[in-house]
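Enquirer: Before I ask anything, here is the structure I am working with.
There are 2 protein chains.
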Amino acid sequence: MLLPEGVLINGLTGEVSPDTGKYTKRLSELREVFQDRAELDRMVATEGDPVVYEVIEYKKEGSDLFFGTTTMEAGNVGGEYFMTRGHFHQRRDMGEVYYTQSGHGVLLLESRDGETRVVRMEPGVCAFIPPDWAHRSINVGTEKLVFVWVCNVEAGHDYGDILKRGMRKVVVDRDGADVIVDNPRYAA
Amino acid sequence: MLLPEGVLINGLTGEVSPDTGKYTKRLSELREVFQDRAELDRMVATEGDPVVYEVIEYKKEGSDLFFGTTTMEAGNVGGEYFMTRGHFHQRRDMGEVYYTQSGHGVLLLESRDGETRVVRMEPGVCAFIPPDWAHRSINVGTEKLVFVWVCNVEAGHDYGDILKRGMRKVVVDRDGADVIVDNPRYAA
Chain E
1 MLLPEGVLIN GLTGEVSPDT GKYTKRLSEL REVFQDRAEL DRMVATEGDP VVYEVIEYKK
61 EGSDLFFGTT TMEAGNVGGE YFMTRGHFHQ RRDMGEVYYT QSGHGVLLLE SRDGETRVVR
121 MEPGVCAFIP PDWAHRSINV GTEKLVFVWV CNVEAGHDYG DILKRGMRKV VVDRDGADVI
181 VDNPRYAA
Chain G
1 MLLPEGVLIN GLTGEVSPDT GKYTKRLSEL REVFQDRAEL DRMVATEGDP VVYEVIEYKK
61 EGSDLFFGTT TMEAGNVGGE YFMTRGHFHQ RRDMGEVYYT QSGHGVLLLE SRDGETRVVR
121 MEPGVCAFIP PDWAHRSINV GTEKLVFVWV CNVEAGHDYG DILKRGMRKV VVDRDGADVI
181 VDNPRYAA
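Protein chains in written order, with UniProt numbering: chain E, 1 to 188; chain G, 1 to 188.
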């Protein structure tokens, strides 16, 4: 029988205890995501291929929901902030909730028909991600960005579209402020 | 089109901004829930029928998930701590997540076949509630107990069983400590 359990979440480190799985994404694994690939290659070679983000999950067979944390390091590649790959859900009828615990981020969203929206990720902000909006989280601060996510176990990830063509907007540092600009590499 | 939105949650007060609905439960509405109904009647008459808990939700038509907060006041009725009504979900295949923000509580759970489990509700603890476990939250502290919950919009509430027969266990104050004892009113 599936049993209830208390799962301790550390909002500063993203630790989940107990967890049922985790993975990290290093800079070299996110080469298609960033604009300045020469700079990315240089960082991978000289900075030891830094971790960009870590995902830790708590997922039990037989539950409809699962949850976990994403912890994004602070950093940028030629002025473009560290970010997740970004994805649609495979199930177009399933959304998600992102509840920011610490740090400062931008949640960049794109609807199936190309509308862009932004939600500021600040501690205490619970971002409502409706079904069929691609979403990417971006650390625009100087500390870790940690958020708790909850979604249906059947939502699934569809990374293909976003990896291939990019999102329409990118978030870059301009004199210490984050600004949203058109993606010069966007391939419609 | 359903749009993304950032929803600010105050982990100390339970405020949700913006919200889409809320309700409060006062002591007089929870008469069946407590053991000592004479004491409850006295409190209702002399203490102005205090609010026991408030639920605030953020729910959008077309989303599969919704979320909100429950804020429980500190207090007890003849030693039995303030608590929610307790419920199963109508959908037996749908669980829930309760993420405690502040205060100190006990999440009392009962499986369909009568097994009892307890999860301590402390700040940072994300309680995993599997499908088909009745759940009731109980404020065993001296301050507000505030938690964020997330579940499927179709989960639904089935209060009937628990209201009629009670849960098998109750949580009471014994010399300032919370203890779990058999429910003397339990009607199998």
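Quick reminder that beta carbons are idealized off the backbone N, C-alpha and C, glycines included.
Note that the structure is a prediction, hence the values are computed from the model and not measured.
Find the nearest neighbour of G86 (chain E) within the set E:H135, E:V119, E:G156, judged by alpha-carbon distance.
Expert: The count along the first sequence starts at 1 and reaches residue 86 (chain E) at position 86. It is E:H135 whose Cα lies nearest to the Cα of G86 (chain E).
Enquirer: Report, in whole angstroms, the separation of the C-beta atoms of R91 (chain E) and G156 (chain E), which I expect to be a contact under 8 angstroms.
Expert: Position 91 of the first sequence holds residue 91 (chain E). Position 156 of the first sequence holds residue 156 (chain E). Yes, they are in contact, since the Cβ atoms of R91 (chain E) and G156 (chain E) sit about 6 angstroms apart, within 8 angstroms.
Enquirer: Measure the Cβ-Cβ separation of residue 204 (chain G) and D41 (chain G) and say whether it is below 8 angstroms.
Expert: Residue numbering for chain G in the displayed model covers 1 to 188; residue 204 (chain G) lies beyond these limits and cannot be assessed.
Enquirer: Leaving out the 5 sequence neighbours to the left and right, which residues in its chain are closer than 7 angstroms to D158 (chain E) when beta-carbon positions are compared?
Expert: Position 158 of the first sequence, counted from the first residue, corresponds to residue 158 (chain E). These residues qualify, in order along the chain: H87, F88, H89, Q90.
Enquirer: Can you tell me whether S28 (chain E) is helix, strand or coil according to DSSP?
Expert: Translated into positions along the first sequence, residue 28 (chain E) becomes position 28. Of the three classes helix, strand and coil, the one that applies to S28 (chain E) here is helix, per DSSP.
Enquirer: Just tell me which of G:T69, G:G75, G:G124, G:G78 has its CA closest to the CA of G11 (chain E).
Expert: Indexing the first sequence from 1 puts residue 11 (chain E) at position 11. The residue with the shortest Cα to Cα distance from G11 (chain E) is G:G124.
Enquirer: So what's R185 (chain E) in DSSP terms, helix, strand or just coil?
Expert: For the purposes of this step, residue 185 (chain E) is taken as the residue at position 185 of the first sequence. Of the three classes helix, strand and coil, the one that applies to R185 (chain E) here is coil, per DSSP.
Enquirer: Between N76 (chain E) and R31 (chain E), what straight-line distance do the alpha-carbon atoms span, to the nearest angstrom?
Expert: Mapped onto the first sequence, residue 76 (chain E) falls at position 76. Mapped onto the first sequence, residue 31 (chain E) falls at position 31. Roughly 13 angstroms separates the two Cα atoms.
Enquirer: Can you name the start and end residues of the beta strand (DSSP E) that T116 (chain G) belongs to?
Expert: Indexing the second sequence from 1 puts residue 116 (chain G) at position 116. Segment 116–121, the beta strand (DSSP E) holding T116 (chain G).
Enquirer: Excluding five sequence neighbours on each side, which residues of the same chain lie with their C-beta closer than 6 angstroms to the C-beta of L3 (chain G)?
Expert: Along the second sequence, one-based indexing puts residue 3 (chain G) at 3. For L3 (chain G), where only same-chain residues beyond five positions count, there are no Cβ hits under 6 angstroms.
Enquirer: Taking Cβ-Cβ distances shorter than 8 angstroms, what residues in chain E pair up with P131 (chain G)?
Expert: For the purposes of this step, residue 131 (chain G) is taken as the residue at position 131 of the second sequence. Those are L2, G62, S63, D64, listed as they occur along chain E.
Enquirer: Rounded to whole angstroms, how far is the Cβ of V51 (chain E) from the Cβ of E73 (chain E), which I believe are closer than 8 angstroms?
Expert: Start at 1 with the first residue of the first sequence, and residue 51 (chain E) comes out as number 51. Start at 1 with the first residue of the first sequence, and residue 73 (chain E) comes out as number 73. Contact holds; Cβ gap of about 6 angstroms.
Enquirer: Name the residues in the region 107–139 of chain G whose C-beta lies less than 7 angstroms from a C-beta of chain E; which are they?
Expert: Those residues of the region 107–139 of chain G that come within reach of chain E (Cβ to Cβ, closer than 7 angstroms) are L109, S111, R117, V119, R120, G124, V125, C126, A127, F128, I129, P130, P131, W133.
Enquirer: Rounded to whole angstroms, how far is the Cβ of G95 (chain E) from the Cβ of E143 (chain E), which I believe are closer than 8 angstroms?
Expert: Here residue 95 (chain E) is taken as the residue at index 95 of the first sequence, counted from 1. Here residue 143 (chain E) is taken as the residue at index 143 of the first sequence, counted from 1. The pair is not a contact, with the Cβ atoms about 28 angstroms apart (cut-off 8 angstroms).
Enquirer: Use the C-beta contact count for S17 (chain E): other C-beta atoms within 10 angstroms, 16 or more gives buried, fewer gives exposed.
Expert: In the first sequence, counting from the first residue as 1, residue 17 (chain E) sits at position 17. Classification for S17 (chain E): exposed.
Enquirer: Would the beta-carbon of I162 (chain E) fall within 8 angstroms of that of Y81 (chain E)?
Expert: By one-based count along the first sequence, residue 162 (chain E) stands at place 162. By one-based count along the first sequence, residue 81 (chain E) stands at place 81. Against a cut-off of 8 angstroms, the Cβ pair of Y81 (chain E) and I162 (chain E) comes out as no contact.
Enquirer: Is V153 (chain G) closer than 8 angstroms to L65 (chain G) when the C-beta atoms are compared?
Expert: Numbered from 1 along the second sequence, position 65 holds the residue referred to as residue 65 (chain G). Numbered from 1 along the second sequence, position 153 holds the residue referred to as residue 153 (chain G). Yes; because the gap between Cβ atoms is below 8 angstroms, this pair is in contact.
Enquirer: Going by DSSP in three states, L107 (chain G) sits in which element: helix, strand or coil?
Expert: Locating residue 107 (chain G) in the second sequence gives position 107, where the first residue counts as 1. L107 (chain G): strand per DSSP, three-state reduction.
Enquirer: Output needed for E39 (chain G): all residues of its chain with C-beta closer than 6 angstroms, excluding positions within five of it in sequence on either side, in chain order.
Expert: The residue you call residue 39 (chain G) lines up with position 39 of the second sequence. Closer than 6 angstroms at the Cβ level, and outside the excluded window around E39 (chain G), lie V77, G78.
Enquirer: Please report the Cβ distance between Y53 (chain E) and T13 (chain E), rounded to the nearest whole angstrom; I am assuming they are in contact, meaning their Cβ atoms lie under 8 angstroms.
Expert: Your numbering for residue 53 (chain E) matches position 53 in the first sequence. Your numbering for residue 13 (chain E) matches position 13 in the first sequence. Actually they do not touch by this definition, with Cβ atoms about 13 angstroms apart.
Enquirer: Which runs of the alpha helix (DSSP H) fall wholly inside the UniProt domain "Glucose-6-phosphate isomerase prokaryote" (25–177) of chain G and span at least 4 residues, in chain order?
Expert: Segments of the alpha helix (DSSP H) lying fully in the UniProt domain "Glucose-6-phosphate isomerase prokaryote" (25–177) of chain G: 37–46, 160–165.
Enquirer: Interface residues of chain E around V170 (chain G) at Cβ under 7 angstroms?
Expert: Translated into positions along the second sequence, residue 170 (chain G) becomes position 170. Per Cβ cutoff of 7 angstroms: no residues; V170 (chain G) is ~18 angstroms from chain E at best.
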